[in-house]
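Numbering-wise, full-length UniProt numbering puts 239 at position 239 of the sequence shown, and it's gapless, one number per residue.
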Amino acid sequence: MRAKKVDPETGRSAATLWDITELAGVSIATVSRVLNGKPHVSSAVRKKVIDAALELGYIEKPPSAFQEAGTTRLIGLTSTSMHSGEYAEILAGVVEALHSHNIRPIICPIPYRHNCGMPLLERVMYHTTDGALILGTTDEDEELVEVYQNGFPLVLINPSRSVNMHLPVVAPARWSAAKSATEHLLSLGHQRIHMIVARFSQYSSQFKFDNTDSIAGFQAALLAAGLPASPDLVYECKRNTKESAYQAAIQLFSLAEAPTAILALSDVMAIGVLQAAHDQGLVVPQQVSIVGFDDLEFAQMAIPGLTTIQQPFQEMGRIGVDMLHRLMNGQKLDATRVELSTRLIVRQSTSPPISQ
């Protein structure tokens with residue numbers, strides 16, 4: 001018998017799903033099916049997995065839920081940033097839809113740094129659940145695909161980077177959103193437009209953003225207007241924070257041909273640009289126009305009010321739950337990727353430029 005792995009800080013088992021996989025000699029997907037009480041696993045294999053989990057201390061006893069059973073009406077709900085503005089909005093839609101389907105969530109936050117607690121799959125499957133909603137970014141695509149293709153229902157909502165095409169996803173139409181914001185600035189007469197994007201989230205460098213679609217939409221609008229779409233027009237900050245965007249804007253304002261308009265790929269960064277403009281003595285919007293992305297609550301309270309792209313966060317949450325509910329009932333999805341339209345909200349931070 002193998003010695004049980006114990007976390008020295010908590011005294012609890014430190015065994016993982018991967019340890020069970022190795023000891024039982026089965027795939028991670030099979031372990032998932034057994035620990036979530038799913039059918040189509042032989043009695044012999046089911047026993048091997050449960051025995052391995054018991055031996056490693058992953059479970060204390062073989063609960064009845066691990067036997068082939070019906071549904072629990074529980075889902076795992078996990079996110080890298082439960083307290084951020086956009087995910088609070090998504091959660092509102094999720095909770096509303098879960099209630100209508102009589103489903104209860106088990107909250108499984110993802111740690112913000114490496115080697116900190118159980119990985120996503122561990123957290124979702126540690127409890128017996130019928131499915132999972134994943135809000136934001138994860139770096140476990142391969143494992144998620146294997147688990148999903150072996151019958152465990154899951155849906156990704158608003159991932160901040162591209163994910164495997166086989167996984168169900170609901171997200172905003174980022175290409176058309178960035179194109180719309182850029183076209184608004186072009187319609188006002190701006191020609192020197194720069195974009196500020198972030199490489200990582202404000203919470204961790206573990207979760208990298210994929211800005212490809214947004215940048216492509218920005219460049220498409222410029223090219224359609226007969227303007228060059230140089231990569232130099234896109235400034236990449238390290239993090240999605242006011243501080244990073246502030247430093248980026250200071251550098252852009254120091255250029256010989258400084259931008260007359262800046263599109264920041266989040267409202268958080270747009271506020272940093274507003275502050276930088278103020279500190280440089282620039283009047284918004286007369287001397288520089290600023291557009292954000294998200295339409296969080298503080299966008300309308302900014303001075304001046306922030307022109308921004310409104311994302312349908314609550315609708316994302318509701319549709320994500322509806323997709324998951326269909327999968328949990330054994331139904332096929334009409335589409336595995338759903339992109340929702342965004343809306344340009346024009347406020348006081350944009351106007352025609354004084355001069356080019």
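Think of the CB as a built atom: it goes at the ideal place given N, C-alpha and C, for glycine as much as any other residue. Treat the numbers as computed from the prediction; the structure is a model and nothing was measured.
Reduced DSSP category for residue i - H, G, I as helix; E, B as strand; rest coil
i: residue 284; result: coil
i: residue 301; result: coil
i: residue 195; result: strand
i: residue 159; result: coil
i: residue 347; result: coil
i: residue 295; result: coil
i: residue 339; result: strand
i: residue 309; result: strand
i: residue 289; result: strand
i: residue 58; result: coil
i: residue 34; result: helix
i: residue 236; result: strand
i: residue 24; result: helix
i: residue 317; result: helix
i: residue 223; result: helix
i: residue 185; result: helix
i: residue 17; result: helix
i: residue 324; result: helix
i: residue 73; result: coil
i: residue 79; result: strand
i: residue 352; result: coil
i: residue 135; result: strand
i: residue 228; result: coil
i: residue 258; result: coil
i: residue 114; result: Its pLDDT being 42, under 50, residue 114 is placed unreliably by the model, and the measurement read from it follows with that caveat. Three-state DSSP puts residue 114 in coil, outside helix and strand.
Whole-Å CB distance - residue i paired with residue j, under 8 Å assumed
i: residue 103; j: residue 316; result: Residue 103 to residue 316, Cβ: 17 Å. No contact.
i: residue 135; j: residue 87; result: 6 Å
i: residue 193; j: residue 263; result: 7 Å
i: residue 327; j: residue 184; result: Their Cβ separation, rounded to whole angstroms, is 38 Å, which puts residue 327 and residue 184 out of contact at 8 Å.
i: residue 300; j: residue 354; result: No, residue 300 and residue 354 are not in contact; Cβ-Cβ is about 25 Å, not under 8 Å.
i: residue 329; j: residue 265; result: With a Cβ gap of about 37 Å, residue 329 and residue 265 do not count as contacting.
i: residue 314; j: residue 93; result: 3 Å
i: residue 106; j: residue 151; result: Rounded, the Cβ-Cβ distance is 19 Å, inconsistent with contact.
i: residue 157; j: residue 170; result: 5 Å
i: residue 209; j: residue 161; result: 6 Å
i: residue 336; j: residue 168; result: 5 Å
Spatially closest choice to residue i from the options, by CA coordinates
i: residue 366; options: 179, 302, 259, 273; result: Residue 366 lies beyond the stretch modelled for the chain, which goes from 1 to 356, so this question has no answer here.
i: residue 130; options: 94, 32, 188, 224; result: 32
i: residue 272; options: 182, 303, 341, 258; result: 303
i: residue 269; options: 286, 245, 54; result: 245
i: residue 237; options: 197, 216, 265; result: 197
i: residue 278; options: 301, 297, 253; result: 253
i: residue 334; options: 266, 186, 322, 26; result: 322
i: residue 19; options: 40, 55, 45, 42; result: 55
i: residue 53; options: 166, 190, 72, 24; result: 24
i: residue 339; options: 251, 107, 159, 95; result: 159
i: residue 147; options: 292, 35, 348, 288; result: 35
i: residue 149; options: 29, 195, 348; result: 29
i: residue 182; options: 106, 233, 274; result: 233
i: residue 260; options: 93, 313, 293, 189; result: 189
i: residue 293; options: 284, 309, 280, 168; result: 309
i: residue 229; options: 240, 239, 217; result: 217
i: residue 16; options: 186, 209, 175, 57; result: 57
i: residue 241; options: 219, 250, 267; result: 267
i: residue 291; options: 349, 325, 341; result: 349
i: residue 176; options: 220, 166, 76; result: 220
i: residue 191; options: 107, 226, 106, 100; result: 226
i: residue 282; options: 250, 311, 256; result: 250
i: residue 255; options: 239, 243, 280; result: 280
i: residue 371; options: 85, 26, 142; result: The chain is shown from 1 up to 356; residue 371 falls before or after that span and cannot be answered.
i: residue 289; options: 195, 320, 142, 298; result: 195
i: residue 352; options: 258, 295, 186, 257; result: 186
i: residue 79; options: 108, 96, 239; result: 108
i: residue 284; options: 297, 22, 50, 307; result: 307
i: residue 332; options: 22, 166, 21, 51; result: 166
Residue i, buried or exposed, once every other Cβ within 10 Å from all chains shown has been counted against 16
i: residue 223; result: exposed
i: residue 231; result: exposed
i: residue 44; result: exposed
i: residue 73; result: exposed
i: residue 325; result: buried
i: residue 48; result: buried
i: residue 342; result: buried
i: residue 154; result: buried
i: residue 318; result: buried
i: residue 346; result: exposed
i: residue 27; result: exposed
i: residue 100; result: exposed
Residue i at chain D interface by Cβ criterion, 8 Å
i: residue 238; result: This model lacks chain D altogether; it includes just one protein chain.
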